[in-house]
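One structure below.
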Amino acid sequence: MATPLPAVSDRRRDFDFLHGSWSVQHRRRKQRLMGNDDWEAFAGSFTNWPVLGGQGNIGDNHFARAGGAHRGLGLRTFDPATGEWLSWWLDGRDPTAFAPPVRGRFVDGVGIFAGDDVQDGRPVKTRVRWSGITPSAARWEQAMSGDGGATWETNWISDFRRKA
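When we follow the numbering used here, the leftmost residue of the sequence shown carries the number 113, and every step to the right adds one.
Encoded structure:
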């Protein structure tokens, strides 16, 4: 028996936890889908605010990496027809096009979003997971699969702490 979806109005509030200003600790795999375990760690900040009357939000990311600071923009919008969220990424180092979106929803306090992308000229699947959500903290993880989703490699972990 299928479980009915929660009311659409409930799902529109899924990302409300993210509104505000955050300090972020990042761990990023230096090479993706290459079978190595060499990571870089760096700090960042993040500010997120609602748009579109609550049916979307924008996140401004600042990354303080050893090779130089840069920014990125996340745009998330709610699709009332499916009850899912779409999330796009725009890298400030080349702000000419959004990356393909990931799409998904929150279940039991964990958000899983997936989509298709290209990494080094190869088609890949991308999965994003939001977890550990409290009023003062959250975790974001990104993983990729080069084999159609049979196996996944986590390549970025971000731990968010709300600024006072």
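The C-beta atom is built at its ideal place from N, Cα and C for all residues, glycine as well. All values reported here derive from a predicted model rather than from experimental measurement.
Using three-state DSSP, classify residue i as helix, strand or coil.
i, result
"Asp191", "strand"
"Leu164", "helix"
"Asp122", "helix"
"Leu130", "helix"
"Thr208", "coil"
"Arg144", "coil"
"Thr178", "Before going on, a small fix: residue 178 reads as Ala here, not Thr. It is coil, neither helix nor strand."
"Asp203", "strand"
"Asp232", "coil"
Assign residue i to one of two classes, buried (16 or more other C-beta atoms within 10 Å of its C-beta) or exposed (fewer than that).
i, result
"Lys142", "exposed"
"Phe272", "buried"
"Gly260", "exposed"
"Asn98", "There is simply no residue 98 to check, as the chain begins at 113 and stops at 276 in what is shown."
"Gln137", "exposed"
"Pro118", "Because Pro118 sits at a pLDDT of 49, beneath the cut-off of 50, its placement in the model cannot be relied upon, and the following sentence gives the value as read from the coordinates. Exposed, since its Cβ has fewer than 16 Cβ neighbours within 10 Å."
"Ala193", "exposed"
"Phe210", "exposed"
"Leu130", "buried"
What residues are listed by DSSP as bridge partners for residue i?
i, result
"Ile224", "Arg217 and Arg241"
"Met256", "Thr238 and Glu265"
"Thr159", "Ser133 and Asp172"
"Asp150", "Answer is none; Asp150 lacks a bridge partner."
Find out if the Cβ-Cβ distance for the pair residue i, residue j is shorter than 9 angstroms.
i, j, result
"Trp197", "Asp126", "yes"
"Asp232", "Thr238", "no"
"Arg251", "Phe190", "no"
"Ala227", "Leu202", "It should be noted that the sequence gives Gly, not Ala, for residue 227. Not in contact: Gly227 and Leu202 (Cβ atoms no closer than 9 angstroms)."
"Arg205", "Phe225", "no"
"Ser133", "Arg274", "yes"
"Gln254", "Thr266", "yes"
Validate contact between the region 145 to 158 and the region 204 to 221 using beta carbons, cut 8 angstroms, 3 pairs: no
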